[in-house]
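Residue numbers (the working numbering): 5 to 171.
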């Protein structure tokens, strides 16, 4: 908790349809305008190779640190609502998407439910999450693991900064 009733959270954002970097910026604007979160810090946007399903366009990815008074499940509903408002539809797993907003961590909470796993179960396997997250939270430790150390150790093939203008 950073303030009474507020929990620090990490969000991962990704897009590879249309103006991918613009979609990240639009999602950040919607998050900032919502009552769901207070954005603290946003990483650079990175151009990244697709993960899991390679036959698709490169992604734009970024991370944000924020605070929320919502429960983890209510926060999930709020980010899914923003995805829907932006026009996201379900397609192939790990396939192309207009916007994807993942909850990477929710304070020090460890949670496994039908809808949500915290910290995100693939966080330490994905350079496209670790690199931007380490940029904005280099001292962050989740489940006893250093995000910065993991970002340094993971292969960074196909990851480069998209630009500095990130919302």
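Glycine included, C-beta positions come from ideal geometry on N, C-alpha and C.
Residue i: buried (16+ other C-beta within 10 angstroms of its C-beta) or exposed?
i	result
residue 164	exposed
residue 157	exposed
residue 16	buried
residue 130	buried
residue 101	buried
residue 93	exposed
residue 81	exposed
residue 22	exposed
residue 33	exposed
residue 146	buried
residue 19	buried
residue 61	exposed
Might you give, ordered along the chain, the residues of its own chain that have their beta carbon closer than 7 Å to the beta carbon of residue i, omitting 5 neighbours on each side?
i	result
residue 72	10, 11, 13, 40, 41, 79
In terms of DSSP beta bridges, what is residue i paired with?
i	result
residue 106	16
residue 121	116
Below 6 Å CB to CB, which residues in the same chain sit around residue i once its five sequence neighbours on both sides are set aside?
i	result
residue 133	16, 127
residue 144	151
residue 89	none
residue 108	14, 16, 124, 127
Considering only residues of the segment 7–68, which uninterrupted beta strand (DSSP E) runs meet the minimum length of 3 residues and lie entirely inside it, listed in chain order?
-> 11–19, 42–46, 49–52
Three-pair Cβ contact test at 8 Å for the segment 113–123 versus the segment 38–57 | no
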